[in-house]
Structure formats: structure tokens, C-alpha cells
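Chains A and B, in that order, are what the protein sequence lines are.
Using the working numbering, you'd call the opening residue of the first sequence number 1 and step up by one each time.
Using the working numbering, you'd call the opening residue of the second sequence number 134 and step up by one each time.
Virtual Cβ for every residue (Gly too), placed ideally from N, Cα, C.
Worksheet: the structure to be examined is printed underneath.
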Amino acid sequence: MKISAKQYATALFELTQDQSEAEIKKIIARLIQFLSEKQALKKLPEIIRYFEKIWQDNGTILTAEITSARELDPSILQIIKTHLQKTTNKKEIEVTTQINQNILGGVIIKYHDKILDASLKTNLHRFKNKLSE
Amino acid sequence: MSNTKDFIVEQIKQQISDFKTSVKEETVGQVLQVSDGIAIISGLNDAMMSEILEFQTEKESVAGVVLNLEDNSVGAIILGDYTLVKEGSEVRCTKKILEVPVGEAMIGRVIDPLGQPLDGKGKISTNEFNPIEKIAPGVITRQSVFEPVQTGIKAIDSMVPIGRGQRELIIGDRQIGKTAIAVDAIINQKGQNMKCIYVAIGQKESKIATIVAKLEEHGAMEYTTIVLAGASKPASLSYIAPYAGCAIAEYFLAKGEDVLIIYDDLSKHANSYRELSLLLRRAPGREAYPGDVFYLHSRLLERACKLSKEFGGGSITALPIIETQAGDVSAYIPTNVISITDGQIYLESDMFYQGNRPAVNAGLSVSRVGSAAQTKAMKKVAGKIRLEAAQYRELAAFAQFGSDLDIETKKKLERGKRLTEIFKQEQYSPLEMVKQVLIFFSLLNGLLDNVPVEKIREFEAGLFAYTDQSGDKIMDQIRKSGALDEQIEKELIDLVNDYKENVDYLITKESKKEEE
């Protein structure tokens, strides 16, 4: 049976969970050997790509992108972080911030393929639609 | 006066204070690839099958529908201007399955498959929606067909009768009057307690404009909705058009009303589905159609039904149209649709060019369930008419070879000729059932045998005019009872004979001798 890059990546992820560094080195060496036996070394870049994705989905770190109209107060940032921790069950939240004055006020939070749009612009837009109904 | 002004201001204030901002988590994806109305999207992990997507573009947001759910991507068709969608465009899920607005406000309108008006008569105000895809009613809810749909076309109502809830295919080459039959059928539904929906798939907009004008002229737009996916619109709209039409029909069905829906035509529908499937890289099969092209039509036509009384008693009668290439009914799509429907009206180009219009081929046209729905009076004459037509066809082919025919055969041939004349009917002039019965009855009782063949149509028109004047009572009797008893038959014969006194072109014994 042919093993797909995704399956390799999943296996690698499961094996390396909660292992020491030395152990991980061994596992990787064995994986490379296995791949060469199976003549599947050319799949390596694809495996790495999938692995990164699986790491993101299942790992403990969440990277989020926050867009705001003005520089955010650290305390507000902390509120957002705790909110994200609660909703996504991730231990750590990594945040990159962006300033975009077009959104007028509020924040837009993006992570994975989710978006939380709490910007003033969108809300004003909704308000306008509601009034014109 | 100031009172009302205050009231309005108060209302606005109320509205403003009632408005609550809400933040909803939305799923977004990115367009990986976009081509010919198809987009491949990454992300959208929780997208549903046939969910509406919103493509954010520079100008406006464009709607799309999920058609493929794959391992790492989502394939979607774009309903609208796909040139606006760019690689990397943001796509949002709406958590809504594709649906169309439905309601009474749809009647008399020309709309696109998404329910947006195309006739410039303003916004359609309705707040009910029906999903475009729906599983057809099951066995328990159904009832066999028993009420007729009067098309007003003599050849069809007599030989291939259609019942409410039936699916009758209209099949034939291009330009031989398939749409004409459908339009005549719509026109004849006036006062018959029937809503009509005409779904135009990949049709020329000029043709639709003509049809709308004709329907308006005959007052038929009062109960008709036209769903138009024009030839210039993307294939995705053509693909959903018949389902949208059916969803609108189901609104009336749920209210226990009868609906006649025409799909014009399903060959173009199959073509647009083929286009989408090939672009989505689904494997091509016979004639490059995808494997599920049968299901494409069967699930649509299965939604036509007659519901039993307990379930409202409504019905959807479907008249799908299929265009054949050079009379080839054994191509893939025609055979599929023939096998799905409860019969077909086969139009023949030879007959059409000989002037027999509508060019219904009596031999190849069948109706598998419709005869159960015919009125008694029509049933009584129609059986014999079918036989007469079949015998004439056989004899006509045979008689070409020899001139020595016995009297019996000659008689049959003469009557057959008159029958073919009767079957001829002008477009936009549907005929009510009782008049059809009258003319067929006259033929079967030999009352037309001494009317010259070339005068038959003139005679027919005259006879109807005469009945309108002096035969109203008896016609009303048939209309009410729907049956022919001996008494009525006698009166009908008298009526026709009375009229014959007034015409001067009958073949008499003397004129026959003169000819000889």
C-alpha cells in the first residue's frame, strides 16, 4: 500500500508527542531510513509541510493576527489573549499586531481560517443595513 | 401632523437604541485558483455541501456555491461575475444552504435563478425561502394521477393526455415547435386553477422577451413565473435554474395548489453541468458527461408529484424539453430523460415541414399514466382516435405502392386524411376540451366524410362559431358532467347536421359523379 505524505506527517507528529530531544532525533533517523527503503525520500518536503500544519492544528501554540485602528493597550491585548485561550483551548497565544486606520475602531482577530470581526466599520455597516430594511 | 412626526422620530430612536452589535466568529478561506466560473478555495474547514459562499471582491461581494469538498480544498461555482474574483480573494462561509425567495409575489415576474428580478418591475418583497435542493416527496405522501392538465392542443389532449402530477417529456429537433407546445399549454391554463413556471435554461434572451410578450398578450402572466438563466450567463446559473424553479413550485405545492412547470431545455442543462463537472476535474463518462448526469435529472423530475389529500393534495406537473440532434433519440441525455419521465411527446421534423403543426408523431408519443386522468367524454372518443390514426399511418405507407384499393381501405384513408387535418392547429390558439370532443366525435361518426379534406379546417372553425351561438346548452352539459351519454350524442349529431345545412361545399352524390 502506498503511504501518503499526510499519513507520514501524522505518524511523525504522534510519535514525537511528549518525547525527549534525544528520542526525537532517533525517531527522525528511523523515519529517514524508512523513507529511503520505501524510496519515498522525494516526499520529504511535502511531509514537512503537512507536519507544520498538523503542528499548528494540534499544538499548544496559536498564532493570531490582530488588526486595530490604533495602537492597542497591553491590558486590552491581554483580554483578547485570554479570550482566545478560552475559545480555542490553546495554552500559548502568539500575537502579531497590525494597524489599519480604515477599520475606524475596534479589532479584527484572525487565526487559522477563522475571523472575528469586531471593527467599528463592519458594525456601522450592519447598522446601516438594519436601518434600510 | 406633528404627532406623526414625533412618532417617526421616536421609532427611529427606538431602532437605534435596539441595535446591538454582535461579533460572530466567521470562517474564511482564500481563493487558490479561479477559472471559468470555478474557484478552488483553501481553508473553509467547516464548509457544507451546497453552502452559499461570499467572495469578497473590490467592488461587491459575489455569491458562490460549494460543489466539491476535498481533502485540502473546497471547489465552488461562482454565481455571478466571476471576473471580479481574484486569486487570494477572501471567501466567507454563510452557514446557509442555497435557497431562493418564494411566495405569491413571484407570480407575473421574470427572475434569475437566485430570485432577483430581471423585468425591471422593482423589488420582489417576500420573506420566505425554499432550499434549492430538496428530496422529493416519498411514497406515503403521493397519490396516482387522476386530474387532467388541459394543454388545449388537440393532438396531445386526445392521444397523449397529461395528468396533474405527471412528467411528460417534449422531445424533438431544434426549431420544430417544442417551446410552442409549452407556451400554448401555459396559455390554456387560464381559469384552470393552475400556477405556471417556465424555466428557461441557456435560452436566447430575445426568445424569452417574445414569450413574455405573448403570455402578457393572452393574460397568462397573471399566473406565470419565468425563471431565466440566459445564454450569456455563466453555466453555474443554468445549472441551478431548474432546481430554483422547482423550489418556487414547491411553495405552491405546499399550499395544496396545482403547478405546471416547464424546463426548457434539459439538454442545455446537462451541457452546463458537464461544463462545471469537467472544470471541477470530475471524471468524464459517455459523451463526456459526468457519471451522475442521470441523477442530475432524476432528482429534479422526481420532485414532480401528485400529493394525496391528507398532504394537501397539491401537484407539480413537469414538462421537460429535450432537444435532439437530427432526430437521434438514442443519444445519452434523451434516453436518460425518456426513462425518467412518464411518457413523451415526440415531435418530428418531417411532419413539421409537411405542414402538420404541431408535429406530434402519434406512433412514438406515449403517455404512461395520463389516460387515467382524461375526462370520460374525451376518453370515449380518444381511444378510437388513436386507433384511427394508427390505422391511417399503416395504410398510408401501404397505399403508396398500389392504386387498386377496396372501398373499406379507401374509406379509412379518407378519414385518416381528415384526422390529420383536424390535428393541425395554429400556435397560440388552444382549444377547450368540449370543442375537441365535438370535432373528434363528428369525425368518428362519419359526419365529416362528405366535407372535402381541404375544407376541413374552415368547416371546423365554422362549426365552433356555430356552436358558440346555438349549441351552448349542450356544451355546458358536457362541461359539467364530463361524459357523453346517448342523449347528448344524439344532440351533438343534430348540432353538426344543422350546421352542415349552412355550408355549400359538401361533397354530394351529384358532385362526385361530376368529378368522375
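Along the length of the region 532-620 of chain B, whole alpha helix (DSSP H) runs at least 4 residues long occupy 540-556, 566-577, 589-603 and 605-614, reported in chain order.
In the displayed model, A:D113 falls within coil according to three-state DSSP, outside both helix and strand. DSSP, read as helix, strand or coil, puts B:P234 in strand. Residue-level contact by beta carbon fails for A:A22 and chain B, as no gap is shorter than 8 angstroms. For A:A29, same chain residues with a beta-carbon under 7 angstroms away, outside a window of 5 residues either side, do not exist. When 8 angstroms is used as the limit between beta carbons, A:N123 is near these residues of chain B: T154, in chain order.
Close CB contacts of B:S441 within its chain, under the 6 angstroms cut and outside five residues either way in sequence, are with Q276 (chain order).
In this structure B:N469 is buried. Its beta-carbon is surrounded by 16 or more other beta-carbon atoms within 10 angstroms. Within chain B, the C-beta atoms nearer than 9 angstroms to that of A:L116 come from V156, K157, E158 and E159, in chain order. Cα atoms of A:I27 and A:I93: separation of roughly 28 angstroms, rounded to the nearest angstrom. Under the DSSP assignment, B:N469 falls in the alpha helix (DSSP H) whose first and last residues are Y465 to I473. Using a Cβ-Cβ cut-off of 8 angstroms, A:K130 counts as an interface residue toward chain B, since at least one Cβ of chain B sits closer than that to its own.
When B:L411, B:S291 and B:E349 are compared, the shortest CA-CA separation from B:D425 is found for B:L411. Closer than 7 angstroms at the C-beta level to chain B, one finds no residue of the region 45-75 of chain A. With contact defined as three or more Cβ pairs closer than 8 angstroms, the region 172-186 of chain B and the region 214-231 of chain B are in contact. Taken residue by residue, none of the region 1-15 of chain A has a beta-carbon sitting less than 7 angstroms from a beta-carbon on chain B. If the five residues before and after B:G389 are omitted, its C-beta is found closer than 7 angstroms to the C-beta atoms of G445, G446 and G447, all from its own chain and listed in chain order. In the same chain as B:L434, and ignoring 5 residues on each side of it, the C-beta atoms closer than 8 angstroms to its own belong to R300, A451, P453, V470, I473 and T474, in chain order. Under the Cβ criterion (8 angstroms, minimum of three pairs), the region 106-119 of chain A counts as touching the region 58-76 of chain A. Of the candidates B:D214, B:Q602 and B:G604, B:D214 places its Cα closest to the Cα of B:P367. Taking C-alpha positions only, A:A22 is separated from B:Y422 by approximately 56 angstroms.
Residues of the region 185-217 of chain B with a C-beta less than 7 angstroms from any C-beta of chain A: none at all. For B:C379, the secondary structure class from DSSP, reduced to helix, strand or coil, is helix. Cβ contact annotation for B:N201 (same chain, cutoff 6 angstroms, sequence separation greater than five): G208 and L413, in chain order. For B:E420, there is no enclosing alpha helix (DSSP H), as DSSP marks it with neither H nor E.
Only those residues of the region 169-185 of chain B whose C-beta falls short of 9 angstroms from the nearest C-beta of chain A are listed: S175, G176, L177, N178 and D179. In terms of beta-carbon proximity, B:G236 stays away from the interface with chain A, with every pair separated by 8 angstroms or more.
Using a Cβ-Cβ cut-off of 9 angstroms, B:Q249 is close to nothing in chain A; its nearest Cβ partner there is about 17 angstroms away. When Cβ-Cβ separations below 8 angstroms define contact, B:Q148 makes contact with chain A.
Against chain A, the beta carbon of B:G162 has neighbours under 7 angstroms at D113, listed in chain order. In this structure the region 359-377 of chain B lies against the region 242-249 of chain B, because at least three pairs of beta carbons, one per stretch, are closer than 8 angstroms.
A:I66 sits close to A:Q98, with the two beta carbons spaced by under 8 angstroms. Runs of the alpha helix (DSSP H) spanning 4 or more residues and lying entirely within the region 263-312 of chain B occur at 287-292, in chain order. The beta carbon of B:A495 sits closer than 6 angstroms to those of M292 and A522, all from its chain and outside the five residues before and after it, given in chain order.
For the 8 angstroms CB-CB criterion, B:D179 and B:T154 do not form a contact.
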